[in-house]
Amino acid sequence: MGSRSDTRPLLKRAAPTGSYMPGESVRGRVRSMAVTETGTTQRATVAIRAFRPEDYPAIVEISNLLLPDHPRSVEETRFEDEQFTRGNFFLRRFVAVDSSGEIVGSLSFNQMPWAFHPDRYAVWGGVRPGSQRKGVGESLYTVLMDELEDRKAVAARTWVRESTGETTAWLARRGFRELHRSWGSRLDVAAFDATRFSEHARVPAGIEVVTLEDEMAVDPGRIRAVYEMDNELSADVPRVDPYTSPPFEMFRDFALSGPQALPAACFLAKDGDRYVGVSSLERVESQDTLHVGFTGVRRECRGRGIAMHLKLRAIGYAKRHGYRWITTGNSSLNAPMLGINTKLGFAKETVWLVMGKDLGGA
Numbered sequence: 005m006g007s008r009s010d011t012r013p014l015l016k017r018a019a020p021t022g023s024y025m026p027g028e029s030v031r032g033r034v035r036s037m038a039v040t041e042t043g044t045t046q047r048a049t050v051a052i053r054a055f056r057p058e059d060y061p062a063i064v065e066i067s068n069l070l071l072p073d074h075p076r077s078v079e080e081t082r083f084e085d086e087q088f089t090r091g092n093f094f095l096r097r098f099v100a101v102d103s104s105g106e107i108v109g110s111l112s113f114n115q116m117p118w119a120f121h122p123d124r125y126a127v128w129g130g131v132r133p134g135s136q137r138k139g140v141g142e143s144l145y146t147v148l149m150d151e152l153e154d155r156k157a158v159a160a161r162t163w164v165r166e167s168t169g170e171t172t173a174w175l176a177r178r179g180f181r182e183l184h185r186s187w188g189s190r191l192d193v194a195a196f197d198a199t200r201f202s203e204h205a206r207v208p209a210g211i212e213v214v215t216l217e218d219e220m221a222v223d224p225g226r227i228r229a230v231y232e233m234d235n236e237l238s239a240d241v242p243r244v245d246p247y248t249s250p251p252f253e254m255f256r257d258f259a260l261s262g263p264q265a266l267p268a269a270c271f272l273a274k275d276g277d278r279y280v281g282v283s284s285l286e287r288v289e290s291q292d293t294l295h296v297g298f299t300g301v302r303r304e305c306r307g308r309g310i311a312m313h314l315k316l317r318a319i320g321y322a323k324r325h326g327y328r329w330i331t332t333g334n335s336s337l338n339a340p341m342l343g344i345n346t347k348l349g350f351a352k353e354t355v356w357l358v359m360g361k362d363l364g365g366a
């Protein structure tokens, strides 16, 4: 049993990263495109070029306009870029620039550290609201397909809200199909009544609960054992593609020093010296909200109330520190964790679809 928000890493980290080519144009040159889409209101001529470091504010702004409930920051994006680059995971990112010089669209495609295959890519593209229905998305998509063909890609993955039916239909017309779905949910921390769960307030027998912050103060080397547990638990989370372990250094940096890291809100269950469970919270750009990074318990320790107790510890942390909301995401196939979250009062808000397209490959 585990719960990892696989939508968030793609929405928030899959404009993630790899190596950039500052100033390099698409396939060796800048393309000016004027593509008319079905439903477009007018043609727009845009130049598609490779991402440059000075483009961070613009691509973050576009992401936040399109995904206001998943806001990100330039700091977060830069940090993630550095991590993916150090891990030698390929990413290429492009922007669409209109005739006035404004960046009106963003595109990225990258290998996925948590589901690695050298020829399978996560893709994300977005167009500034005022520039939609003018062919910008089609221009970016054309570049994407050319680039994936050059790399002999075998598959592409993307995430989209079910409620955005027009986007889903747009992708379907281009060969993408639904592969998986997840729920995005939200808990009203201020209204949460912990007395309803008094039977879970006691630490399960034989278990000690500590925080990652506590453990690092005792011995920073313990992060390696936490990483090993995380990999074991993550392999049990329902997903489209088989889980693969990200590099240890990437896990360590995200958990301890990244902009989202909150070691004091990462609750660990120990049986003796062995870590057997975790429930962690992460910072997000919204100041009144925390996000559930991961909750899971080793198979042999399930059924003892460990996951529920850890979740209550995390909610207690959020309440003590004045947060209003906790958000999370769960696979629709993960009935045990969905059951825990429903019992706690998480309200389902958004259905995220994983959509995929099989490509010709080599």
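If you're matching positions, the sequence shown starts at 5 in our numbering and goes up one per residue. The C-beta atom is built at its ideal place from N, Cα and C for all residues, glycine as well.
| message | By the DSSP assignment, the beta strand (DSSP E) with S367 in it spans what residues? | response | The structure shown has nothing for residue 367, since the chain only spans 5 to 366.
| Through-space distance from E166 to E182, alpha-carbon basis | The count along the sequence shown starts at 1 and reaches residue 182 at position 178. The count along the sequence shown starts at 1 and reaches residue 166 at position 162. Roughly 10 Å between the two C-alpha positions.
| request: Go ahead and label V131 buried or exposed: buried means 16 or more other beta carbons lie within 10 angstroms of its beta carbon, across all protein chains shown. | output: Here residue 131 refers to the residue found at position 127 when the sequence shown is read from its first residue. Counting Cβ neighbours within 10 Å, V131 comes out buried, since at least 16 surround it.
| CA-CA distance, E84 and H313? | Here residue 84 refers to the residue found at position 80 when the sequence shown is read from its first residue. Here residue 313 refers to the residue found at position 309 when the sequence shown is read from its first residue. So the alpha carbons of these two residues sit roughly 31 Å apart.
| field | Cβ neighbours of P246 in the same chain (closer than 6 Å, five flanking residues each side left out) | value | Indexing the sequence shown from 1 puts residue 246 at position 242. Nothing meets the Cβ criterion.
| task | Quickly, what does DSSP pair V131 with across the bridge? List them, please. | result | Position 127 of the sequence shown, counting from 1, holds the residue named residue 131. Its beta-bridge partners are G109.
| said: According to DSSP, is G326 part of a helix, a strand, or is it coil? | reply: Here residue 326 is taken as the residue at index 322 of the sequence shown, counted from 1. G326 falls in the coil class under three-state DSSP.
| Of the residues A229, S284, S189, which one's Cα is nearest the Cα of Q355? | Numbered from 1 along the sequence shown, position 351 holds the residue referred to as residue 355. A quick correction: the sequence has Val, not Gln, at residue 355. The option with the nearest alpha carbon to V355 is S189.
| request: Starting from W118, follow its DSSP beta bridges and name the residues at the other end. | output: Working through the sequence shown from its first residue, we reach residue 118 at position 114. Beta-bridge analysis with DSSP links W118 to no other residue.
| task | Compute the Euclidean distance between the alpha carbons of R226 and T215, then round it to the nearest angstrom. | result | Looking up residue 226 in the sequence shown gives position 222. Looking up residue 215 in the sequence shown gives position 211. Those two C-alpha atoms are separated by around 12 Å.
| field | N- and C-terminal bounds of the alpha helix (DSSP H) containing L237 | value | Looking up residue 237 in the sequence shown gives position 233. Segment 227-238, the alpha helix (DSSP H) holding L237.
| Can you list the alpha helix (DSSP H) stretches of 4 or more residues lying completely in the region 139-191, in chain order? | 140-154, 169-177
| task | Taking only the alpha-carbon atoms, compute the straight-line gap between V378 and S249 and give it to the nearest angstrom. | result | The structure shown has nothing for residue 378, since the chain only spans 5 to 366.
| message | Quick test of the definition: if touching needs 3 or more C-beta pairs under 8 Å, does the region 145-162 touch the region 299-312? | response | no
| query | Are Y321 and D292 touching if we call contact CB-CB under 7 Å? | reply | Start at 1 with the first residue of the sequence shown, and residue 321 comes out as number 317. Start at 1 with the first residue of the sequence shown, and residue 292 comes out as number 288. No; because the gap between Cβ atoms is not below 7 Å, this pair is not in contact.
| task | Please work out which residues of its chain come closer than 8 Å, Cβ to Cβ, to V78, disregarding the five sequence neighbours upstream and downstream, and give them in chain order. | result | If you number the sequence shown from 1, residue 78 lands on position 74. Cβ within range, chain order: Y60, P61, V64.
| field | Spatial neighbours of E353 in its chain, beta-carbon cut-off 7 Å, leaving aside the 5 residues before and after | value | Position 349 of the sequence shown, counted from the start, is the residue given in the question as residue 353. The residues are G188, S189, R190.
| message | Using a Cβ-Cβ cutoff of less than 6 Å, which residues in the same chain neighbour E80 once the five nearest sequence positions on both sides are dropped? | response | For the purposes of this step, residue 80 is identified with residue 76 of the sequence shown, where counting begins at 1. So the qualifying residues of the chain are P263.
| message | Which residue wins for smallest C-alpha separation from L266, given the options L357, V296, R302? | response | For the purposes of this step, residue 266 is taken as the residue at position 262 of the sequence shown. Cα-wise, what sits closest to L266 is V296.
| request: Provide the residue span of the beta strand (DSSP E) that contains L357, from first to last. | output: Position 353 of the sequence shown, counting from 1, holds the residue named residue 357. 351-362 is the extent of the beta strand (DSSP E) around L357.
| query | How far does the beta strand (DSSP E) with E212 in it reach, from first residue to last? | reply | In the sequence shown, counting from the first residue as 1, residue 212 sits at position 208. Counting along the chain, the beta strand (DSSP E) containing E212 begins and ends at 212-215.
| said: With DSSP as the reference, identify every bridge partner of C270, one or two as the case may be. | reply: Residue numbering aside, residue 270 sits at position 266 when the sequence shown is read from its first letter. The partner list for C270 (beta bridge, DSSP) reads S284.
| task | Inspect the CB distances between the region 110-123 and the region 283-290 and report whether three or more fall short of 8 Å. | result | no
| request: Label K156 either buried or exposed according to how many other C-beta atoms from any shown protein chain fall within 10 Å of its C-beta, with 16 as the threshold for buried. | output: By one-based count along the sequence shown, residue 156 stands at place 152. The residue is exposed, with fewer than 16 neighbouring Cβ atoms inside 10 Å.
| Straight-line CA distance for E153 to G333? | As a first step, residue 153 is located in the sequence shown; it is residue number 149 there, counting from the start. As a first step, residue 333 is located in the sequence shown; it is residue number 329 there, counting from the start. Computed Cα separation, rounded: 32 Å.
| task | Please state if the CB of Q136 and the CB of D257 are separated by a distance shorter than 7 Å. | result | On the sequence shown, residue 257 is found 253 positions in, with the first residue counted as 1. On the sequence shown, residue 136 is found 132 positions in, with the first residue counted as 1. The Cβ atoms of D257 and Q136 do not sit closer than 7 Å to each other.
| request: Please confirm whether L316 and F196 have their CB atoms less than 7 Å apart. | output: Within the sequence shown, residue 316 is the residue found at index 312, counting from 1. Within the sequence shown, residue 196 is the residue found at index 192, counting from 1. Contact flag unset, no.
| If you drop the 5 nearest sequence neighbours on each side, which residues of the same chain put their C-beta closer than 8 Å to that of S290? | One-based indexing of the sequence shown puts residue 290 at position 286. Answer for S290: P75, W329, listed in chain order.
| task | Using three-state DSSP, classify F98 as helix, strand or coil. | result | Taking the first residue of the sequence shown as position 1, residue 98 is located at position 94. It is a strand residue.
| task | Starting from A126, follow its DSSP beta bridges and name the residues at the other end. | result | Counting from 1 along the sequence shown, the entry for residue 126 is found at position 122. Paired residues: N114, R161.
| message | Please return the same chain residues whose Cβ sits closer than 6 Å to the Cβ of P242, not counting the five positions on each side in sequence. | response | Walking along the sequence shown from the start, residue 242 turns up at place 238. Cβ within range, chain order: S335, L337, N338.
| Is the Cβ-Cβ distance between V280 and R302 less than 7 Å? | Within the sequence shown, the letter at position 276 stands for residue 280. Within the sequence shown, the letter at position 298 stands for residue 302. In contact: V280 and R302 (Cβ atoms closer than 7 Å).
| What did DSSP end up calling T89 once you bin it into helix, strand or coil? | The residue you call residue 89 lines up with position 85 of the sequence shown. If DSSP states are grouped into helix, strand and coil, T89 belongs with the helices.
| query | Quick one: what does DSSP say Y247 is sitting in, helix, strand or coil? | reply | Numbered from 1 along the sequence shown, position 243 holds the residue referred to as residue 247. Judged by DSSP in its simplified three-state form, Y247 adopts coil rather than helix or strand.
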